[in-house]
Structure formats: structure tokens, C-alpha cells
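Residue numbers (our numbering), protein chains in the order written: chain A, 1 to 126; chain B, 127 to 252.
Backbone N, C-alpha and C define an ideal beta-carbon position, used for all residues, glycine too.
None of the values given here were measured: they were computed from a predicted structure.
2 protein chains.
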Amino acid sequence: MIQRKTKQRQAILQVVEAARRPLSPVEILQQAQHLLPALGIATVYRALGTMLQEGLLVPVDIPGQSPRYERAGLTHHHHCACTGCGQVFELEGCCYTGESAGIPAGFKVEAHDVILYGHCRSCQRR
Amino acid sequence: MIQRKTKQRQAILQVVEAARRPLSPVEILQQAQHLLPALGIATVYRALGTMLQEGLLVPVDIPGQSPRYERAGLTHHHHCACTGCGQVFELEGCCYTGESAGIPAGFKVEAHDVILYGHCRSCQRR
DNA sequence: CTTTTTTTGATAATAGAATATCATTATCAT
DNA sequence: ATGATAATGATATTCTATTATCAAAAAAAG
């Protein structure tokens with residue numbers, strides 16, 4: 001699969017790398033359109049697909065929401081999500097010890113996720 | 127909203143209460159059809175909706191999957207999900223201490239979730 | 001600059017889950 | 001048992017996210 005260097009992909013990557021939080025495809029589209037107003041949503045999905053394959057990005061899944069994406073290679077961390085506006089933020093570090101009771105016999109844990117839910121500052125007043 | 131006692135709702139509630147793990151709407155449909163073969167998916171969704179409102183059930187959200195449901199009132203716990211077959215299992219207790227670094231200023235944490243991912247015994251051999 | 005081939009953007013198509021519709025059936029109060 | 005009305009089941013519809021299509025534009029190579 002040959003990859004050409006296009007303005008669109010550069011803009012998309014730039015937006016994701018500059019973000020301090022994981023972004024959804026639509027958020028990426030909107031922010032990248034500040035750089036390239038004609039950018040289309042299909043291009044965003046295509047770029048996300050190849051960047052995932054290339055290992056430049058990783059998905060961040062929050063239940064009930066479309067997947068977010070953040071740049072790969074960040075130190076191990078988790079996220080918190082605002083129930084009001086849907087924004088997702090990064091946390092630092094991880095409290096998970098690797099031990100849990102009740103794991104079914106034979107189940108091999110390979111990954112884990114911790115998500116905090118709440119309301120962000122702007123959504124407090126409701 | 128008046129609630130009549132129907133065979134369908136009894137079967138649905140019975141299936142959820144008997145399950146040792148959270149079930150998706152389709153899983154509930156399939157298992158309840160062992161009791162009531164003519165049961166339709168619309169009835170399952172309707173029953174889940176009212177049972178959620180009544181507080182009989184609570185949703186269990188796993189990223190990228192349709193929501194599961196389990197009976198309400200269980201002690202605080204979390205879940206693990208098999209990446210192979212998609213089954214979700216209950217864990218016991220909770221390791222989350224309530225402290226996390228990097229919470230954005232003004233963000234008020236109201237809930238949290240911990241999910242372990244891996245492969246269950248039957249999905250090991252692949 | 002020209003040619004070749006990939007990428008783009010607009011939009012149609014698809015897929016999956018959840019909801020709405022409505023004639024029929026079942027429940028409940030009398 | 002009967003009548004009023006809620007619930008059901010089959011299916012159509014909606015909704016939303018993602019993918020496919022294809023002519024036009026852009027990138028890379030010569």
C-alpha cells in the first residue's frame with residue numbers, strides 16, 4: 001500500500017497530535033477544516049484507518065460513543081468522560097494493580113481500561 | 127404508565143436474574159425464547175426500557191458492543207470481556223481508590239468503570 | 001511539463017441497533 | 001364472562017456511523 005503525502009493527511013495528523021485529549025472522527029474533521037475547509041469526512045475515516053494500521057494512532061473506546069483516537073506511544077494512562085458534553089479527557093498514570101477477584105477460570109487478562117464519568121467544569125451548572 | 131404482568135416480562139426478568147453475567151438484548155431474546163418461542167425482539171426492548179425505569183435492571187456498557195443488562199442491587203463490581211466470543215463476565219469487588227491524577231480542573235467524578243479484556247477459556251486455543 | 005496512479009470529496013449505499021406502527025391478543029377490573 | 005385498554009409480534013421505519021463509488025484533482029516519477 002503506497003502512501004502519498006497529502007495536505008489532508010498532514011492536517012489530520014497535526015490535529016490529533018496537537019490535541020490534549022482523544023478526538024472523535026467528527027471532532028477531527030471539524031478541527032482539521034480550520035486548516036483545510038474543503039476536507040471531507042470520508043478522507044478522515046480513510047486517514048484514520050491507515051494511521052491505525054501504521055501504528056501512528058490508537059483507538060480510545062468509550063461506551064455509547066463513537067470511538068476516539070489519540071496518538072500512539074503515550075505512557076500508559078486512562079480517560080475520563082463528561083456525561084454532559086461528551087468530551088473525553090486524559091488522565092495520568094494508572095491505579096490498576098493487575099489483581100482482581102472473580103476472574104473466570106481460564107480467562108487470560110490481556111488489557112484493561114479504567115474510565116471515570118462525571119461532569120466537566122462547563123457542564124456543572126445544569 | 128400501567129404495568130401488566132405478562133408471561134413475556136416474567137420470562138425476560140427470569141432470564142436476566144438467572145444469568146451470572148450481563149446479557150445483551152439479543153442474548154436475552156434467545157434465552158427467553160426457550161421459555162416462550164414466539165417472543166419478539168421488540169418486546170425485549172420494551173421490557174428492558176421499563177425495567178430500567180423501574181430500577182430492576184442496570185445497563186452494563188462495554189465499548190464497541192451493544193449494551194448489556196444485569197439485575198440491579200448487586201454489590202459494587204466490574205466486568206471482564208472476552209475479545210474472542212464477546213461474552214462479558216462479572217468480577218468481584220473493586221480496586222479503584224477514588225484517586226486519579228490528571229483530572230481536569232472543575233471535573234466532578236460521579237462514577238467509574240473498570241473493564242478487563244482478554245480471552246476466556248474456550249477462546250484460548252486460537 | 002506530461003504521464004501514471006493515488007487520493008480526494010460529494011454523495012450514495014450499507015449495516016446494525018433501536019424505535020414506531022398497527023392489527024391482534026392478553027390482561028385486569030368489574 | 002365482558003368490556004376497556006395495555007401488551008405483543010411482525011415488520012417497517014428511523015437513525016447514526018461507516019464504507020463504497022466514481023469523476024475530478026493532486027502527487028510522484030520521468
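On the criterion of 16 or more Cβ atoms from any shown chain inside 10 Å, does B/G244 qualify as buried, or is it exposed?
buried
Tell me whether B/K234 sits in a helix, a strand or coil according to DSSP, three-state version.
strand
Starting from the Cα of B/A198, find the closest Cα among B/C208, B/T209, B/H204 and B/P185 and give me that residue.
B/P185
Please return the same chain residues whose Cβ sits closer than 6 Å to the Cβ of B/V141, not counting the five positions on each side in sequence.
I154, Q157 and A158
Candidates B/I138, B/C220, B/L242 and B/C206: which alpha carbon is nearest B/G175's?
B/I138
Assigned secondary structure, B/Y222 (DSSP; H/G/I helix, E/B strand, else coil)
coil
Once the 5 residues before and after B/C221 are set aside, which same chain residues still bring their CB inside 8 Å of it?
V240
For A/R68, report the span of its beta strand (DSSP E) as first-last.
R68 to R71
Proximity below 8 Å, CB of A/L57 to CB of A/C80:
no
Note down, in chain order, each residue of its chain lying with its Cβ closer than 6 Å to the Cβ of B/C211, except the 5 sequence neighbours on either side.
C249
Mind listing the chain B neighbours of A/V109? Cutoff is C-beta to C-beta under 8 Å, in chain order.
C206, L242, Y243 and G244
Under a three-way DSSP split, which group does B/G244 fall into?
strand
One question on the structure: do A/T90 and A/R21 come within less than 8 Å of each other, judged by their Cβ atoms?
This sequence places Glu at residue 90 of chain A; Thr is not what is there. Result yes, Cβ atoms of A/E90 and A/R21 sit closer than 8 Å.
Excluding five sequence neighbours on each side, which residues of the same chain lie with their C-beta closer than 8 Å to the C-beta of A/E70?
V16, A19, R21, P22, L23, L57, V58, V60 and E90
Among the residues of its own chain, which have a CB less than 7 Å from the CB of A/T97, if the five just before and after it don't count?
none
Spatial neighbours of A/Q53 within its chain, please: CB distance less than 7 Å, with the 5 preceding and 5 following residues excluded, ordered by chain position.
none
Check the C-beta distance from B/A173 over to B/R135 and give it rounded, since I have them as a contact under 8 Å.
5 Å
So is B/H238 in contact with chain A if we call contact Cβ pairs under 8 Å?
yes
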